[in-house]
Amino acid sequence: MVHKLKNTKKHQQPEERVETPMDDAPAAAPVDVPSTPISSSPEEGPSATPASQAKKKYRPSHSEIQDYHFNDDQIQTLIDLKDNPCIYKKKDKEYHNNQLKIDLWKKCVQLFPGCSYLQVRKFFEKKRTAFGKIKAADMKSGADARARTAREQEIMTTWGFFRGHIAHAQTTSSQIFSSGHESSEASDVSGLSITSIQRRRNLKKRRLPEAGPSMSQE
Numbered sequence: 034m035v036h037k038l039k040n041t042k043k044h045q046q047p048e049e050r051v052e053t054p055m056d057d058a059p060a061a062a063p064v065d066v067p068s069t070p071i072s073s074s075p076e077e078g079p080s081a082t083p084a085s086q087a088k089k090k091y092r093p094s095h096s097e098i099q100d101y102h103f104n105d106d107q108i109q110t111l112i113d114l115k116d117n118p119c120i121y122k123k124k125d126k127e128y129h130n131n132q133l134k135i136d137l138w139k140k141c142v143q144l145f146p147g148c149s150y151l152q153v154r155k156f157f158e159k160k161r162t163a164f165g166k167i168k169a170a171d172m173k174s175g176a177d178a179r180a181r182t183a184r185e186q187e188i189m190t191t192w193g194f195f196r197g198h199i200a201h202a203q204t205t206s207s208q209i210f211s212s213g214h215e216s217s218e219a220s221d222v223s224g225l226s227i228t229s230i231q232r233r234r235n236l237k238k239r240r241l242p243e244a245g246p247s248m249s250q251e
């Protein structure tokens, strides 16, 4: 009997142990993954702005600049700036060099106490504008010869180096005359064909010799 029990124990297979997860086991803590910001190129970044959107430098108008009362010696100093055509001659290669112009104004300011370069530039530009207005009045189409005032004559004489460097717009009267003259010619030609125009020219040529002797007999 004991022998049989021993044999049966030999043939028995070991039981498999299956581990089941426990509900009370603590859950694994989530792992924080560091988020790296996407680097944008300087061209695509928010700070990049096209050149067209760049702010232009503000230039105050003449009405915003206080007048400076120049004496005769100071005015002569400004007149001597005619030796620097870059400030009034548009064809000069340095005309668009604004920094060069500012440097010239600032050199004058050193001789004028309590004056800014904006006031110097304003005075110079006002004289140029006055010269242009007087010149335009003299060139006005259809206007009779007029006598200049003493002030106008002084400006034209003192600031004569502006002559030839101020562009004048075409007057309204000359524009109307030129447009009306061209339109009348265009309407005459448009109403006639090429054949009729040639026929008229031939008739004029025939009439001229016929009219010549009759006029001489009279």
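Residue numbers (the working numbering): 34 to 251. Quick reminder that beta carbons are idealized off the backbone N, C-alpha and C, glycines included.
Sub-7 Å separation of residue i and residue j beta-carbons
i	j	result
Cys141	Tyr128	no
Phe164	Phe195	yes
Lys159	Tyr150	no
Range of the contiguous alpha helix (DSSP H) that encloses residue i
i	result
Gln290	Coverage of the chain is limited to positions 34 through 251, which leaves residue 290 absent and any answer about it impossible.
Thr191	183 to 191
Ala180	Ala180 -> no alpha helix (DSSP H), and no H or E assigned at all.
Arg154	150 to 171
Pro132	Checking the sequence shown, residue 132 turns out to be Gln, not Pro. Taken as a continuous stretch (DSSP letters only), the alpha helix (DSSP H) holding Gln132 covers 131 to 142.
Close Cβ partners of residue i (< 6 Å) along its chain, the five nearest in sequence each way excluded
i	result
Lys155	His95, Ile98
Cys148	Tyr101, Val142
Lys134	Ile120
Trp192	Lys160, Phe164
Residues near residue i by beta carbon distance below 8 Å, same chain, minus five either side
i	result
Arg234	none
Arg184	none
Gln231	none
Ile167	Arg181, Glu185, Ile188, Met189
Residues of its chain near residue i, where Cβ-Cβ distance is below 7 Å and the 5 sequence neighbours each way are ignored
i	result
Asn117	Leu137
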